[in-house]
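Beneath this line is the structure, given in structure tokens, with notes to follow.
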Amino acid sequence: MLLVADSGSTKADWILTRPDNQTIHFRTKGINPFFLSEKDITQVFQNADEIQEYVDQVKEIYFFGAGCSSPDRREIISNALSKVFKNAFVSVDIDIIASIYATCGSSEGICCILGTGSNISYFDGTKIHESKHGLGYILGDEGSGTFFGRRLLTSFLYNTMPDELSASFKEKFSVDKESVIKRIYQQPAPNSFLASFAPFMSDHIDHPFITDLLKIGFEEFVETNIKSYPDYKKQVCHFVGSIAFHFKEILTDVCEQKGVRVGKVLKHPIEELSNFIRNNEVKSL
């Protein structure tokens, strides 16, 4: 049996392919080794009822996730998965590779992640070229859920958010300066906490403040990330993630204004990713 996972910091999507080629889809909380220990990760599967009867039958696992850029962090994931799936070969790699497999396949292109966090890579059809991006929610993550959540929170707390939006924000979220500071600086997964405010934009998408905020965030992503590639206008630029998907129209408009050619825009890459791995020999990029 083959198990494929695509994980962000907030949630992880999984597809198990049985010997009869039937598939089982399920979702767990996000598995990011930057925020979770090996023990925390093994505990995630205690609540994944869909996989329990198959743990000894899984022979291959391909896990792609946020926070897996260093060997040490990949080892945390690998060790945890090996403890649960004792008979499986385990491969762990960064989330951008999953997005490349799902969008570019074996073709050249630029692949962007706009979800809880943001990232970008150029794929020449054979290998991924080294990127200086993906600096995380404190130094980077332009155009991501954490970026927009942070902007929403600060505008609310600084009282610069329009009154009608501020009233709606206050009604939806019980937050104040003290609770926000405590949650961000003293509790786990502050990036996911910040990103949890981003859906507020969907509820008020027609408000000029929200529209402008989205444009500013996407413009910053394009200017900082996409335009760092000198020949970006010659490439097809694909997007993966909930932010890209839900705000596709504004994202596409910004890209067109900046001379960026938009290709696929996927909410979740897991379906295309699983199909690619089943039908191709996966090799290190």
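At position 195 of the sequence shown the residue is numbered 195 (my numbering), and the sequence of numbers has no breaks. Glycine is no exception: its CB is placed at the ideal position from the N, C-alpha and C atoms.
By DSSP, does residue i sit in helix, in strand, or in coil?
i, result
"L114", "strand"
"T126", "coil"
"L328", "This structure gives no information on residue 328, because the portion of the chain shown stretches from 1 to 285."
"I226", "helix"
"F26", "strand"
"D141", "coil"
"A12", "strand"
"L266", "strand"
"R261", "strand"
"L165", "helix"
"P190", "helix"
"L251", "helix"
"N280", "coil"
Taking the Cβ atom as the reference point for each residue, do residue i and residue j lie within a distance shorter than 8 Å?
i, j, result
"K29", "A12", "yes"
"L266", "T103", "yes"
"P269", "A88", "no"
"I77", "V55", "no"
"V4", "I277", "yes"
"S121", "G143", "no"
"N225", "H129", "no"
"R150", "L213", "no"
"D286", "F64", "Outside the displayed span of the chain (1 to 285) sits residue 286, for which this structure offers no information."
"F148", "F169", "no"
"T116", "S192", "yes"
Can you tell me whether residue i is buried or exposed, with buried defined as 16 or more other CB within 10 angstroms of its CB?
i, result
"Y101", "buried"
"K234", "exposed"
"I181", "exposed"
"A66", "buried"
"G259", "exposed"
"A198", "buried"
"Y185", "exposed"
"P190", "buried"
"P33", "buried"
Between residue i and residue j, which are expected to be in contact by the criterion C-beta below 8 Å, what is the C-beta distance as a whole number of angstroms?
i, j, result
"D95", "G217", "With a Cβ gap of about 20 Å, D95 and G217 do not count as contacting."
"K215", "V254", "6 Å"
"I24", "E53", "Their Cβ separation, rounded to whole angstroms, is 10 Å, which puts I24 and E53 out of contact at 8 Å."
Could you tell me which residues DSSP pairs with residue i in its beta bridges?
i, result
"D93", "F64"
"Y101", "Its beta-bridge partners do not exist; DSSP assigns none."
"T160", "BP columns for T160 are empty, so no partner."
"S121", "C111"
"F240", "Phe is not the amino acid found at residue 240; the sequence shown has Val there. In the DSSP output, where bridge partners are listed per residue, V240 has I113 and L266."
"T154", "Per DSSP, none; premise fails for T154."
"T17", "L2 and T23"
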